[in-house]
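J.:
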Amino acid sequence: KRQAAGFIAVIGSLIFVGLETRSNAEQAALNTRAVEIAAYQELINLNTQANLTTLSEPELVELLIKAERSPGTLSVIERRQYRTWVFLRLRLADMAYFQYEQGVIDEERLRSAFGPLRGTMRSRVAREMWQVSKGNFVKSFQNYIDDYIAETPLAEAP
């Protein structure tokens, strides 16, 4: 009887440990998913914030239009402002690319996060500024942007 009771107790303990291990694994997966969602949400929030800033600043909108339509007329200060704006767009894209490399977001989410940068990089002046600033980014991101530029035609001047 004691052996049977001991055997049943061991079996019961093993079942409990198995259930607890599975529960812990499920909780770890949920925690990982929550981190992934939070990281992507932060990325979207940053992109939204950048877009809202652009929309709320008429001078910035004028600068962006001027950079697209007549980049040769940009003053030194305007070129610097535009370069900074492009650099910030690239930084957001770099953050998305890093999340992609780490497996936090998939390729579809990466393409979605790159939306704001895609239009920017169709501009000749933005591409020139990329050449100046690309050394500030890791090689894999440089390659990704260079490949995108190689595959994407320049926007036609309005």
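The sequence shown lines up with residues 4 to 161 when you count with the working numbering. Every residue gets a Cβ at the ideal spot worked out from N, C-alpha and C, and that includes glycine. Bear in mind that the values here come from a model prediction, so they are computed numbers and not experimental data.
1. Can you tell which of I47, R82, W133 has its C-alpha closest to the C-alpha of M98?
2. Alpha carbon to alpha carbon, how far is S143 from R125?
3. Touching or not, the stretch 146-156 and the stretch 121-137, by the rule of three or more beta carbon pairs under 8 Å?
4. What does the Cβ neighbour count give for E110, buried or exposed, with the cut at 16 atoms within 10 Å?
5. Which value, in whole angstroms, describes the spacing of the CA atoms of V107 and F117?
6. Taking 8 Å as the threshold (C-beta atoms), are Y85 and L95 in contact?
7. State the DSSP-derived secondary structure class of T56, mapped to helix, strand or coil.
T.: If we stick to the structure as given:
1. The alpha carbon of M98 has as its nearest neighbour, out of I47, R82, W133, the alpha carbon of I47.
2. 20 Å
3. yes
4. exposed
5. 15 Å
6. One thing to note: L95 has its Cβ no nearer than 8 Å to the Cβ of Y85.
7. helix
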